[in-house]
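Reviewing the structure listed below.
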Amino acid sequence: MKKIGNGMRSYGLLLLFLSIAVSLSAQDENVQVETTLSESQVYEGERVSLGIVIKSNDSQNITRPDMPQVDGFRYASSYPSTSTSYSMMNGVSAMNYSFTWQLIATHEGVHQVPPVSVVINGETYETEPVTITVLNAQQRPDQQAMDQQPDVFLEMEVSDQSPVRGQQLIADLVIYFKREMDLSSYQVSQGWVTEGFWQEDLNENHSARAENVMVNGTRYRRAVLRKHALFPTRQGELKLQPYKIQANIRQNTRGGNTRDFFGGFRSSTRTMNLESDELTINVQDLPDAPNGLFINAVGDLNVSRSLSEQQIKLGESVEIVTEIAGNGNISLVTRPAYNFSSDFDVYRPQETTDLDTRSGRVSGKKVFRDVIIARRVGSYDIPETEVAIYDDVQRRYETVTLPGMSIDVIRDPNAQIGFVHDGRFNITPITGIVRWTSGERKQVYQYWWFWMGLILPVIIFGGAYQVKSHRDKLQYDGAFSRKQNALNKSRQSLKAARQSVSTDDLKTPYTYIHQALSDYITDSIGFPPSGHSDDELTGFIREKSGDDLATKVHFLLTKCSTIRFAPVNKTESVLTDIRSAGKLIESLDKYL
13 MKKIGNGMRS YGLLLLFLSI AVSLSAQDEN VQVETTLSES QVYEGERVSL GIVIKSNDSQ
73 NITRPDMPQV DGFRYASSYP STSTSYSMMN GVSAMNYSFT WQLIATHEGV HQVPPVSVVI
133 NGETYETEPV TITVLNAQQR PDQQAMDQQP DVFLEMEVSD QSPVRGQQLI ADLVIYFKRE
193 MDLSSYQVSQ GWVTEGFWQE DLNENHSARA ENVMVNGTRY RRAVLRKHAL FPTRQGELKL
253 QPYKIQANIR QNTRGGNTRD FFGGFRSSTR TMNLESDELT INVQDLPDAP NGLFINAVGD
313 LNVSRSLSEQ QIKLGESVEI VTEIAGNGNI SLVTRPAYNF SSDFDVYRPQ ETTDLDTRSG
373 RVSGKKVFRD VIIARRVGSY DIPETEVAIY DDVQRRYETV TLPGMSIDVI RDPNAQIGFV
433 HDGRFNITPI TGIVRWTSGE RKQVYQYWWF WMGLILPVII FGGAYQVKSH RDKLQYDGAF
493 SRKQNALNKS RQSLKAARQS VSTDDLKTPY TYIHQALSDY ITDSIGFPPS GHSDDELTGF
553 IREKSGDDLA TKVHFLLTKC STIRFAPVNK TESVLTDIRS AGKLIESLDK YL
């Protein structure tokens with residue numbers, strides 16, 4: 013019994029040791045150590061605060077770090093100031109420890125703060141290096157030049173001003189305000205016009221945080237107010253219209269009694285209407301894909317394909333699932349075209365899109381589900397397919413090969429095929445006048461119903477084949493489908509233009525008029541639906557119909573494109589232009 017007791021005691025100590033080790037391991041995962049700087053740019057002789065911040069969920073045993081020598085700086089004191097803070101949010105605690113040193117810049121240049129080692133609970137952690145720029149003190153602008161700088165201004169900063177069509181751009185609305193000011197609140201004054209771009213909002217999890225920066229020798233605080241993802245849909249010079257906000261700015265000033273320090277500062281708030289400058293984005297067209305089928309996918313994207321079932325029974329459906337996932341223009345990706353055997357009935361594919369904007373970029377996945385049903389028993393192969401994706405970082409195409417797949421179609425052993433035979437022989441007596449007929453029998457082909465029975469199935473089959481061929485062509489031939497639906501699509505746009513005339517903004521209908529004309533021309537000719545200027549569209553018409561009709565089309569397209577710069581006061585003139593667009597489309601229908 014004593015021996016058993018010692019064994020249980022040793023086993024318990026082992027479990028306790030393991031639990032403590034697991035606890036410490038889990039605790040280490042919650043520790044974060046980073047280096048912070050109060051300024052990213054300073055002049056020679058100025059001070060900057062260098063901090064080592066430790067973040068954790070629990071209290072920690074921290075040894076004060078030994079700071080390395082930083083090139084271009086000297087320490088004002090060898091001893092840091094320390095602080096500790098504690099917070100609780102949604103039942104989760106957070107502890108922040110900080111050590112702060114004051115550095116004095118000694119000579120200009122771009123200098124690096126090397127990694128700093130911190131010992132926490134006996135474990136060593138290391139920070140990432142950070143850089144800081146020291147500017148020449150003689151190049152500092154005088155006070156008059158700094159006073160001439162605006163107190164507050166707004167800018168739209170775009171990640172790339174020379175992208176390719178379909179590339180994801182991150183557009184940040186940034187406010188700059190001098191350090192004696194503060195932003196209390198703001199609201200967007202009107203909608204932001206991004207014609208030629210697909211836009212996604214990235215503000216769901218974004219919170220504005222101010223940082224210290226230097227602009228033209230003047231210190232400002234910089235904060236990103238709003239974030240958007242933009243995807244250019246056509247090439248050329250695209251304009252981002254000004255972004256307008258109404259901001260409440262609080263300014264701290266010193267009162268007249270300079271001796272009273274605590275009562276000398278006063279705060280005043282004023283409302284300012286701020287507007288960013290118009291921004292021009294030069295969008296480059298995508299090069300031709302060297303291999304594979306381009307599906308309008310631009311970015312860091314992956315493509316995969318799978319079967320819902322590899323063996324099915326006759327009459328059952330199977331799904332070919334194509335998934336495009338990653339960072340990029342997920343919403344604009346089109347379905348890869350597959351070649352299916354004529355032994356399958358193919359149905360309209362299903363499409364789902366799932367976007368994620370929590371990382372400050374648009375990512376996610378798009379899934380296409382092609383539903384097919386085999387007509388007969390057998391083994392069928394779906395050939396491999398090449399898909400081209402444009403990498404906007406490397407500026408080149410990447411070809412992805414989707415492997416071939418096999419489907420086995422078997423007969424359902426439980427299926428039964430039979431018929432019902434009624435053995436009764438019904439005889440009905442004949443009454444009335446007796447008619448005598450010749451005993452000779454006609455040949456079957458001499459009866460009219462014989463020929464009707466032969467011809468009618470051929471007519472029905474031929475008509476059904478024509479209808480099916482037309483439907484298949486509409487479904488799988490994109491150019492043919494666009495051409496067939498071009499007239500109805502343009503009429504819908506003109507109908508939307510008439511409905512929008514009743515609104516206060518009489519310029520909106522011209523957007524629909526331009527859309528009706530341009531979509532009809534590109535869909536009828538079979539050109540890509542976007543990326544064509546008004547002059548190119550007019551050139552297409554001139555080749556088909558001549559100068560007279562091309563001149564009228566060019567006049568109306570130009571008017572629609574420039575109408576936002578001209579006053580439009582009369583509803584009658586807008587309705588007249590809508591009717592003119594309808595007549596032009598009817599005239600174009602004869603040539604296109």
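For the sequence shown, the positions run 13 to 604 when the numbering used here is used. For each residue, glycine too, the CB sits at the ideal point set by N, CA and C. Here the structure is a predicted model, which means the values were calculated and not measured.
- Taking all protein chains shown into account, K239 has 16 or more neighbouring C-beta atoms within 10 Å of its C-beta and is therefore buried.
- If you draw a straight line from the Cα of A301 to the Cα of G538, it is about 19 Å long.
- By the beta-carbon neighbour count (other beta carbons within 10 angstroms, threshold 16), W460 is exposed.
- Exclusion of the five residues before and after S512 leaves T520, P521 as the residues of its chain whose Cβ lies within less than 6 Å of its Cβ.
- Within the DSSP secondary-structure output, M107 pairs in a beta bridge with S68, Y98.
- When DSSP states are grouped into helix, strand and coil, S418 belongs to the strand group.
- The continuous stretches of beta strand (DSSP E) do not include Q160, which lies in the alpha helix (DSSP H) extending over residues 155-160.
- Proximity to G248 across A220, P395, Q406, V176 peaks at V176, based on C-alpha coordinates.
- DSSP, reduced to helix, strand and coil, places H526 within a helical segment of the structure shown.
- The DSSP assignment places complete beta strand (DSSP E) segments of no fewer than 3 residues inside the stretch 323-380 at 323-325, 329-340, 356-358, 362-368, in order along the chain.
- In the same chain as D297, and ignoring 5 residues on each side of it, the C-beta atoms closer than 8 Å to its own belong to V176, R177, Q247, G543, in chain order.
- DSSP, reduced to helix, strand and coil, places Y255 outside both helices and strands of the structure shown, so it counts as coil.
- In this structure, the straight-line span from the alpha carbon of H218 to that of I144 is close to 26 Å.
- Per DSSP, the unbroken alpha helix (DSSP H) holding E584 starts and ends at 583-603.
- The alpha carbon of S171 has as its nearest neighbour, out of S201, D184, H482, R483, the alpha carbon of D184.
- In this structure, the CA atom of K571 is about 18 Å from the CA atom of D559.
- Put simply, the backbone Cα of S391 is about 37 Å away from that of N341.
- Excluding residues up to 5 positions away in sequence, G376, K377 lie with their Cβ nearer than 7 Å to the Cβ of D366 in the same chain.
- Under the three-state reduction of DSSP output, P302 falls in the coil class, being neither helix nor strand.
- About 33 Å separates the beta carbon of V130 from that of I182, a gap too long to meet the 8 Å contact definition.
- By the neighbour-count criterion, in which a residue is buried when 16 or more other Cβ atoms sit within 10 angstroms of its Cβ, E51 is buried.
- When the Cα atoms are used, I394 and V374 turn out to be separated by approximately 32 Å.
- Between the alpha carbons of V236 and A222 lies a gap of roughly 8 Å.
- Annotated three-state conformation of R152 is coil, per DSSP.
- Around D382, the same chain offers I332, P361 as residues with beta carbons nearer than 6 Å, after the five sequence neighbours per side are excluded.
- Contact check for R423 against L326 passes: the beta carbons are separated by less than 7 Å.
- M79 carries a coil assignment under DSSP once its states are collapsed to helix, strand and coil.
- Taking C-beta separations shorter than 8 Å and ignoring five residues to either side along the sequence, the partners of E290 in its chain run K251, L252, Q253, P254, following chain order.
- In this model, A509 and N285 are separated by some 33 Å (Cα to Cα).
- In the structure shown, K519 falls within a coil segment according to DSSP collapsed to helix, strand and coil.
- Of M168, D531, D403, the smallest CA-CA separation from L600 is found for D531.
- Between E140 and P126 a beta carbon distance of about 10 Å is seen, past the 8 Å cut, so the two are scored as non-contacting.
- Under the three-state reduction of DSSP, G57 is assigned to coil, being neither helix nor strand.
- Nearest in C-alpha terms to N133, of all of S71, V586, V200, E410, is S71.
- Boundaries of the alpha helix (DSSP H) harbouring H566: 559-574, taken from the DSSP string.
- Scanning its chain for C-beta atoms nearer than 7 Å, with the 5 sequence neighbours on each side dropped, one finds around S95 the residues S110, in chain order.
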